[in-house]
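Asker:
Protein chains: 2
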Amino acid sequence: MAKQREIKLASRPQGMPSQDNFLFETVEIPALQADEVLVKSLYISVDPYMRGRMNEGKSYVPPYALGEVITGGVVGQVVESKNDRFQTGDFVLGELGWREFNVSKGRLTKLNPQLAPLSAFLGVLGMPGLTAYFGLLDIGQPKEGETVVVSGAAGAVGMIVGQIAKLKGCRVVGIAGSDEKNQYLVSELGFDATINYKTSPSIRKELAELCPQGVDIYFDNVGGDITDAVFLQLNDFARVALCGQIALYNTEKVEVGPRILPILLVRRALLKGFIVSDYQPQYSVAMQELGKWLQAGQLKYRETIVEGFENIPEAFLGLFRGENVGKQLVKVADPF
Amino acid sequence: MAKQREIKLASRPQGMPSQDNFLFETVEIPALQADEVLVKSLYISVDPYMRGRMNEGKSYVPPYALGEVITGGVVGQVVESKNDRFQTGDFVLGELGWREFNVSKGRLTKLNPQLAPLSAFLGVLGMPGLTAYFGLLDIGQPKEGETVVVSGAAGAVGMIVGQIAKLKGCRVVGIAGSDEKNQYLVSELGFDATINYKTSPSIRKELAELCPQGVDIYFDNVGGDITDAVFLQLNDFARVALCGQIALYNTEKVEVGPRILPILLVRRALLKGFIVSDYQPQYSVAMQELGKWLQAGQLKYRETIVEGFENIPEAFLGLFRGENVGKQLVKVADPF
Numbered sequence: 001m002a003k004q005r006e007i008k009l010a011s012r013p014q015g016m017p018s019q020d021n022f023l024f025e026t027v028e029i030p031a032l033q034a035d036e037v038l039v040k041s042l043y044i045s046v047d048p049y050m051r052g053r054m055n056e057g058k059s060y061v062p063p064y065a066l067g068e069v070i071t072g073g074v075v076g077q078v079v080e081s082k083n084d085r086f087q088t089g090d091f092v093l094g095e096l097g098w099r100e101f102n103v104s105k106g107r108l109t110k111l112n113p114q115l116a117p118l119s120a121f122l123g124v125l126g127m128p129g130l131t132a133y134f135g136l137l138d139i140g141q142p143k144e145g146e147t148v149v150v151s152g153a154a155g156a157v158g159m160i161v162g163q164i165a166k167l168k169g170c171r172v173v174g175i176a177g178s179d180e181k182n183q184y185l186v187s188e189l190g191f192d193a194t195i196n197y198k199t200s201p202s203i204r205k206e207l208a209e210l211c212p213q214g215v216d217i218y219f220d221n222v223g224g225d226i227t228d229a230v231f232l233q234l235n236d237f238a239r240v241a242l243c244g245q246i247a248l249y250n251t252e253k254v255e256v257g258p259r260i261l262p263i264l265l266v267r268r269a270l271l272k273g274f275i276v277s278d279y280q281p282q283y284s285v286a287m288q289e290l291g292k293w294l295q296a297g298q299l300k301y302r303e304t305i306v307e308g309f310e311n312i313p314e315a316f317l318g319l320f321r322g323e324n325v326g327k328q329l330v331k332v333a334d335p336f
Numbered sequence: 001m002a003k004q005r006e007i008k009l010a011s012r013p014q015g016m017p018s019q020d021n022f023l024f025e026t027v028e029i030p031a032l033q034a035d036e037v038l039v040k041s042l043y044i045s046v047d048p049y050m051r052g053r054m055n056e057g058k059s060y061v062p063p064y065a066l067g068e069v070i071t072g073g074v075v076g077q078v079v080e081s082k083n084d085r086f087q088t089g090d091f092v093l094g095e096l097g098w099r100e101f102n103v104s105k106g107r108l109t110k111l112n113p114q115l116a117p118l119s120a121f122l123g124v125l126g127m128p129g130l131t132a133y134f135g136l137l138d139i140g141q142p143k144e145g146e147t148v149v150v151s152g153a154a155g156a157v158g159m160i161v162g163q164i165a166k167l168k169g170c171r172v173v174g175i176a177g178s179d180e181k182n183q184y185l186v187s188e189l190g191f192d193a194t195i196n197y198k199t200s201p202s203i204r205k206e207l208a209e210l211c212p213q214g215v216d217i218y219f220d221n222v223g224g225d226i227t228d229a230v231f232l233q234l235n236d237f238a239r240v241a242l243c244g245q246i247a248l249y250n251t252e253k254v255e256v257g258p259r260i261l262p263i264l265l266v267r268r269a270l271l272k273g274f275i276v277s278d279y280q281p282q283y284s285v286a287m288q289e290l291g292k293w294l295q296a297g298q299l300k301y302r303e304t305i306v307e308g309f310e311n312i313p314e315a316f317l318g319l320f321r322g323e324n325v326g327k328q329l330v331k332v333a334d335p336f
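Protein chains in written order, with UniProt numbering: chain U, 1 to 336; chain A, 1 to 336.
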């Protein structure tokens, strides 16, 4: 039987994770059962949210189990199939293990390699792109001429939110943490304006100036003080897509802040929390549309690709040193 | 020309309002212009929310102007019409002045007197009933077997929310401020359980016991600590209809409380602020359905009716002394 490498969570990190938290093992690739598919990993995604799953506390995604293989987004190629829906050679995306080969019962999305480079299916056409797509379009319901504010604007999700909002004819204001990032958002991605929350003397005042018509849609990746400031600018019938909350990472203590329900009531605002997997049945439609925009050059993205299965932990650790520009990926193998 | 009485806001109340804040005048009834309708007042509604409109500060409803006639819900009968949509004798509901006769350009809802006693169109079939109906059904989207919690449960809106939720097959838990009210909610209106927020040692623990399956829908009339406690029990994909916030009445200072966005995100909850007039185009459909339930004895209500136009201010003042049981109304004239 063929052998392969896999990576397990050896221990739960305290604060910053390190190589010690990961354990490489070499194991046999099991024989396929009925309906199963054997997938060779090509690109493996490493994401900041995975840090949260390494803690014991439960959030909306269950924690990784100690001593088990770590899972996440993987783009791969079918090398053997006992499932009618997949054939050898198919490119697929799945929530799979940090393994060179995964056995799947078929909860995989078939990819169209004509649409975009395979790596894009983990970024602009993957979890970050789909998160931006559904949060903005389904919850935000943008209409031409409306004003969209996005926090965490220079993140993998935020960048795409802003670009889709521009495609829908909206005015887009991004909030991010450095002048360099903001420069990129405006000059490369077409954002109308940005705020550097680290240096702004008053986010509220800057927002009021940059959103003279108020805020119709707020895509929130961060929560806290930034979100408090945006809420004060919401228009009647505003929509808030609640995608991320930094406060979540500190589950021990409950943060305190200004009460927001009075303003949401007066504005008759809609607010909806979501995670991208809520929209799984609509993934393929969304990927088609994102792919079209991508091919038309209307959607830009950045990625940083590290080569080699053995470098997955290092690529993950690099996320927290800010080494990546755009989406961080690991290339594990070439397609056959 | 015929004369009539009307009531103006003479001065803005400081704290509790008094008779001095109101001014009676006798004026001529103006001749009708094209498209106008002359409506004789039969029942005039006095509501607690009007106290807020007597302040200068702006909420979602603009303040009453000093020296102008006070407006609110009025059920009347058409005595003359230059509008094709209305005929003499029609019963109508409108946002009209505290006058014996109002001239309207036709922003009136025609009433079906077969459906219910005319006074009900200001209560169970009026603003409170419609508020309950749209908040619960449109935002809450109740499904059989779900758990609904309503705060301000013994108020004109809350009572109807609970009864409609029961009609939809839900478990209903009401939160109100006295054992007597709670007794009424359970024994007369069919609520499954109640919490007396004034005497409960822990609203959160009581809720956890009374909602063993968690909370799917929360109809919020109050905000503050009670709402904080309910949020901790929300289920995944819960819906929150944001109808009232006591904190609103104190617009000077911003209240502080636990941050709720993390929990709304983790639960992927939907929250929507609304006021009933957002649903104006759907009023007649809702009134038909409420009327059917009423006629079938599936919806109960209470009202307190004072007679005489001259007693409107006194009936309004009585609201703040807790004199009314259920909806407070003033009967101004009999139908002709």
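Ideal Cβ positions, reconstructed from N, Cα and C, are used throughout, including at glycine.
Please read these numbers as outputs of a predicted model, since none were measured by experiment.
Let me know if U/G67 comes out buried or exposed under the rule of 16 or more other beta-carbons within 10 Å of its beta-carbon.
Answerer: Exposed, by the Cβ-count rule.
Asker: Which residue or residues does DSSP assign as beta-bridge partners of A/L270?
Answerer: Partner(s): U/K272, A/R239.
Asker: Please identify the residue among A/S178, A/F191, A/V150 whose C-alpha is closest to the C-alpha of A/D216.
Answerer: Of the listed residues, the one whose Cα sits closest to A/D216 is A/V150.
Asker: Taking only beta carbons into account, state which residues of the segment 273 to 292 of chain U come closer than 7 Å to chain A, listed in chain order.
Answerer: Within the segment 273 to 292 of chain U, the residues whose Cβ lies closer than 7 Å to some Cβ of chain A are G273, F274, I275, D278, listed in chain order.
Asker: Within the segment 157 to 213 of chain U, note down every full beta strand (DSSP E) run reaching 3 residues or more, in order along the chain.
Answerer: Counting whole runs of 3 or more residues, the segment 157 to 213 of chain U contains the beta strand (DSSP E) stretches 171 to 176, 193 to 196.
Asker: Any C-beta of chain U sitting closer than 9 Å to the C-beta of A/P262?
Answerer: Yes - at least one Cβ of chain U is within 9 Å of the one on A/P262.
Asker: Determine which residues share a DSSP beta bridge with U/E307 and list them.
Answerer: In DSSP, U/E307 forms a bridge with U/K331.
Asker: Return the first residue and the last residue of the alpha helix (DSSP H) that U/P142 is part of.
Answerer: First-last for U/P142: undefined, no H or E at that position.
Asker: Let me know if A/E146 comes out buried or exposed under the rule of 16 or more other beta-carbons within 10 Å of its beta-carbon.
Answerer: Buried, by the Cβ-count rule.
Asker: Quick one: what does DSSP say A/T251 is sitting in, helix, strand or coil?
Answerer: Note that A/T251 has pLDDT 48, beneath the 50 cutoff, so the model's placement of it is unreliable and the number below is only indicative. Note: A/T251 maps to coil in three-state DSSP.
Asker: Who are the near neighbours of U/V276 in its chain, counting only those whose CB is closer than 7 Å to its CB and skipping five residues on each side?
Answerer: Closer than 7 Å at Cβ, skipping near neighbours: M127, L130, T131, F134.
Asker: Which residues in the same chain as U/Q19 place their Cβ atom closer than 8 Å to its Cβ, once the five residues preceding and following it in sequence are excluded?
Answerer: Taken in chain order, the residues that qualify are P313, E314, L317.
Asker: Run through the DSSP bridge pairs and tell me what A/D220 is partnered with.
Answerer: BP columns for A/D220 point to A/L242.
Asker: Using the three-state DSSP reduction, which class does A/T71 fall into: helix, strand or coil?
Answerer: Residue state, collapsed to three classes: strand.
Asker: Under 8 Å between beta-carbons, which chain U residues line up against A/E255? List them in chain order, please.
Answerer: Residues of chain U passing the Cβ test: P258, R259, P262.
Asker: With DSSP collapsed to three states, give me the class of A/M16.
Answerer: If DSSP states are grouped into helix, strand and coil, A/M16 belongs with coil.
Asker: Distance, Cα to Cα, A/T251 vs A/I44?
Answerer: Only weak support is given to the placement of A/T251: the predicted model assigns it a pLDDT of 48, under 50, and the question is left unresolved by the model.
Asker: From A/M159, A/F237, A/C170, A/G169, pick the residue whose C-alpha is nearest to that of A/N182; which is it?
Answerer: Nearest C-alpha to A/N182: A/M159.
Asker: Roughly how far, in whole angstroms, is the beta-carbon of U/Q77 from the beta-carbon of U/F86, given that I think they are within contact range, below 8 Å?
Answerer: About 10 Å separates the two Cβ atoms, so there is no contact after all.
Asker: Is it the case that the segment 2 to 9 of chain A contacts the segment 22 to 35 of chain A, given that we only count it when at least three CB pairs across the two stretches are under 8 Å?
Answerer: Cβ pair count under 8 Å is three or more, so yes.
Asker: Find the residues of chain A that neighbour U/G223, judging by a C-beta separation of less than 9 Å, and give them in chain order.
Answerer: Those within 9 Å of U/G223 in chain A are R259, L261, P262, L265.
Asker: Is U/K3 buried or exposed, if buried means 16 or more other CB atoms sit within 10 Å of its CB?
Answerer: Under this definition U/K3 is an exposed residue.
Asker: Between which residues of its own chain and U/R321 is the CB-CB distance below 6 Å, once the five residues before and five after are set aside?
Answerer: No residues qualify anywhere along the chain.
Asker: Which same chain residues end up closer than 8 Å to U/R107 when comparing Cβ atoms and leaving out the 5 residues on each side of it in sequence?
Answerer: The answer, listed in chain order, is G94, E95.
Asker: So, is the C-beta of U/R268 closer than 9 Å to a C-beta in chain A?
Answerer: With 9 Å as the cut-off, U/R268 counts as an interface residue toward chain A.
Asker: So, under 8 Å CB-CB, A/V124 and A/L299 are touching, yes? Tell me the CB distance rounded to an integer number of Å.
Answerer: The Cβ separation is near 6 Å, so the contact holds.
Asker: Per DSSP, which residues does A/F24 bridge with? Please list them.
Answerer: A/F24 pairs with A/I7.
Asker: So the beta strand (DSSP E) U/Y43 belongs to, where does it begin and stop?
Answerer: First-last of the beta strand (DSSP E) with U/Y43: 37 to 45.
Asker: Could you check if A/P142 is buried or exposed, using at least 16 other CB atoms within 10 Å of its CB as the buried criterion?
Answerer: With 16 or more Cβ atoms within 10 Å of its Cβ, A/P142 is classed as buried.
Asker: Can you check whether the C-beta of U/T227 is within less than 9 Å of a C-beta belonging to chain A?
Answerer: Closer than 9 Å to some Cβ of chain A, the Cβ of U/T227 qualifies, so yes.
Asker: I believe U/L207 touches U/I195 by the beta-carbon criterion, under 8 Å. Please report the beta-carbon distance rounded to the nearest angstrom.
Answerer: The Cβ separation is near 7 Å, so the contact holds.
Asker: Reducing DSSP to helix, strand and coil, say where A/V256 ends up.
Answerer: Looking at A/V256 - three-state DSSP - the assignment turns out to be strand.
Asker: Within the same chain, show all residues whose beta-carbon is closer than 7 Å to that of U/L32, passing over the 5 residues directly before and after it, in chain order.
Answerer: So the qualifying residues of the chain are L38, E80, K82, V103.
Asker: For chain B, find out if any of its Cβ atoms is closer than 9 Å to the Cβ of U/Q245; answer yes or no.
Answerer: Here chain B cannot be found, since the structure's protein chains are U and A.
Asker: Quick one: which chain A residues come within Cβ less than 9 Å of U/L23?
Answerer: Under the 9 Å cutoff, chain A gives no residues; its nearest Cβ is about 30 Å from U/L23.
Asker: By DSSP's criteria, U/E80 is part of a beta bridge. Which residues make up the other side?
Answerer: Beta-bridge pairing links U/E80 to U/L38.
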